[in-house]
Each structure stands twice: as C-alpha cells, then as structure tokens.
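Residue numbering for the sequence shown follows the numbering used here, starting at 543 and increasing by one per position.
We put the CB at the ideal spot given by N, CA and C, even for glycine.
Given the structure is predicted, the values throughout are model-derived calculations rather than measurements.
Reading through the structure tokens given below for one structure.
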Amino acid sequence: MKAKKMNVTGKQQRAGWIFLTPATVLIAIMSFYPMIEAFFMSLKTGSSAHMKWQVPFWKNYYHMFRDKLFLRSLGNTYLYLLIEVPIMLVLAILLAQLLNNKDLKFKGFFRTCVFLPCATSLVSYSLIFKSLFATTGLVNSILVGMGIFKENFNFLGTPSTARAIIIIALIWRWTGYNMVFYLAGLQNIEYSVYEAAKIDGANGWKTFWKITVPLLRPTIIMTFIMSINGTLQLFDESVNLTAGGPANSTITMSHYIYNASFGQGVANFGYASAMSFLVFIMVAILAAINMKVGDKRD
C-alpha cells in the first residue's frame, strides 16, 4: 500500500515537472538569458557590431554616477515614486472600501468609471493630458475664465508644474488598476467580521485599520511592489507628455536609457545596459525590502 502511494506521488511530481518545464525554459530564454547578456554588455564599449571590453571593465558604472543627466533622471524617477505611489495606493484602497459597500447603488457603474482610465492607451492618455495642460488648453481656459490666472500659464514649460502633471497623470491612470486588486481582496473578507466589530463598538476608522488593512496585507504588498516596479521603469509619460523637458527636467531613467540606445545618434548599448542593470538591481532590492517588512508570519 505504501509503495503504491509513493508511486502515485512520484507520478504526480513527474507530471508537475512536465507541465512546468516549458514555462521554465521560456522564462530562462526570454528573461534570465537577456539579463545575463545585458550584464556582460554593460562591461563593454563601442557600437553594436564592434563592441569590446572596457578598460577598466567597471568604467560604464563609474561614468554613470558622474553623469549629471543620469543623476537628474534618477532623482526625477524617485520623486515620482515617493509622491505618486503612496497617494495612488491610498486612493485605491479608499475607493475599493467605498465601492465594496453592499448598500451602494450602481456599484458596477462606479467601478467601471474608476477603472476606465486604466483601459486607455498609454500614448493616448499622455496626449490627452498634453492637450489639457497646453498653453491654450482647457485647463488654462478655465483658470483664466475664473480669474485665477490673469494670462495663460505654460504648465509643460515649467519644470515644477511639468513634474506635477506627470504625477497627476500617473495617479489618474493607475488608481483604478490597483483598486481592482483591493476590491477583490475585500470581497474575500466575510461581512460577518465587520458586523462583529460593529457589535464590539468599533467605529469605521478602527474597523478599517484593525480589520481591513491587516487582512489586505498580501494585496497591499503585491500592489506596492508592482507600483515600484512600474514607476522605476516609467517611460511613456516622460516621452509623450513632456518629451523629458523642459531642458531634461522631467526625464526618467528609462527615457534616458532609450536615448542612450536609440535616440541620440550613435548607439551606446554598453552604457545603456549598465543603466538598465542598475534599474534591475534597484527594483529587486526595493521589492525584497517591501516583502521582508510586509511579511508578518512567525
């Protein structure tokens, strides 16, 4: 009987490996191999057809931290990350809590309205925000018409407001995306838990902090990691909304990597690979820290 049970277990394990092998091979070929190649390329210099090893081999990394434009793109990216991600996730969880109310009418309609921006094309929504905040755009027309501004203001031509518009655009587009995850998590929480808390005298704020947030911890960690990953690789908004301007004041790391690879005449794939590998390391470190801090298991 025991031998038969072990035989069944062995068959199940072999079947599992058979199903996993194709995906594992594809991940290795499409993800891990390019990462390894990118690292070796980051130690080289020259054009794509005639690349040779750097002397010393860490020269691209040394140059990276002396490159003022790269440091500016790094600072911009982390500015977007530190402001946009917390605001977006807090709004997402509050909207999910609001739209999870069983007594709310037209819930499907409101949920769809919040999620719709996420379904908008990245290029399309960037162009929409660009036209809204243009010097002769709708926002300027409203502000001047209301007497708040005396004349049209160049939002996209001023560094501080251009960064603010990118942050607003990111919050507008991605809040609904994260709200869906929180909404799914909330619907897995039994309503009887909230009723018991109400009987014990807990108000709405205590219920939110003592019940909702702890039970949503895995979802919060997941959305935080995804948001960090997405923001550190921010590209479309910098390219399509502000073109990195004015004077590279809104450029992101991914935008600068693209310029180094394809957008500035002679391609510098070695240097671009070094910057890309640094982004990969930052994403991995921040994700590991987030998972470690968020893991409360004994």
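Considering only residues of the same chain and omitting the five flanking positions on each side of residue i, which have a CB-CB separation below 8 Å?
i              : result
valine 686     : Lys692, Glu693 and Asn694
asparagine 642 : Leu725, Leu728 and Gln729
leucine 640    : Leu646
valine 583     : Checking the sequence, you will find methionine at residue 583 rather than valine. For methionine 583, where only same-chain residues beyond five positions count, the Cβ hits under 8 Å are Met593, Phe811, Gly812 and Ser815.
proline 701    : Pro788, Ala789, Ser791 and Thr792
Does residue i come out as helix, strand or coil in the three-state DSSP assignment?
i                 : result
aspartate 840     : Confidence in aspartate 840 is poor, its pLDDT being 46 and thus under 50, which makes the residue's placement unreliable; the coordinate value appears in the next sentence. Correct three-state label for aspartate 840: coil.
threonine 619     : helix
threonine 587     : strand
tryptophan 600    : coil
histidine 605     : helix
lysine 594        : strand
leucine 562       : helix
phenylalanine 648 : coil
leucine 758       : coil
asparagine 771    : helix
asparagine 549    : helix
Could you tell me whether the Cβ atoms of residue i and residue j are closer together than 9 Å?
i                 : j                 : result
threonine 749     : phenylalanine 723 : no
arginine 614      : isoleucine 793    : yes
alanine 634       : tyrosine 733      : no
phenylalanine 657 : methionine 721    : yes
serine 796        : glutamine 775     : yes
cysteine 655      : tryptophan 716    : no
In the DSSP assignment, the alpha helix (DSSP H) including residue i goes from what residue to what residue?
i           : result
leucine 746 : Position check: residue 746 holds glycine in this sequence, whereas leucine was assumed. From DSSP, the alpha helix (DSSP H) with glycine 746 extends over 746-749.
lysine 740  : 733-741
To which residues of the same chain is residue i closer than 7 Å at the C-beta, ignoring the five residues directly before and after it?
i                 : result
phenylalanine 819 : Ala580, Phe581 and Ser584
phenylalanine 612 : Met606, Tyr798 and Met817
glutamate 779     : Ser668, Ile708, Ala711 and Leu712
glycine 856       : There is no way to answer for residue 856, as the model of the chain reaches only from 543 to 840.
lysine 511        : There is simply no residue 511 to check, as the chain begins at 543 and stops at 840 in what is shown.
Please go through the same chain and pick out, in chain order, the residues whose beta-carbon is closer than 6 Å to the beta-carbon of residue i, but skip the five residues on each side of it.
i              : result
aspartate 840  : In this prediction, aspartate 840 scores a pLDDT of 46, lower than 50, which makes its location untrustworthy; the coordinate-derived value is nonetheless stated afterwards. Same-chain partners within the cutoff: there are none.
tryptophan 559 : none
glycine 699    : Pro788
isoleucine 827 : none
alanine 829    : Ile767
Task: Length at least 3, wholly inside the region 651-729: the beta strand (DSSP E) runs in chain order - done: none
Open item on the list: Ignoring anything shorter than 4 residues, give me the alpha helix (DSSP H) runs that lie fully in the region 774-838, in order along the chain.
Closed with: 795-800 and 811-836
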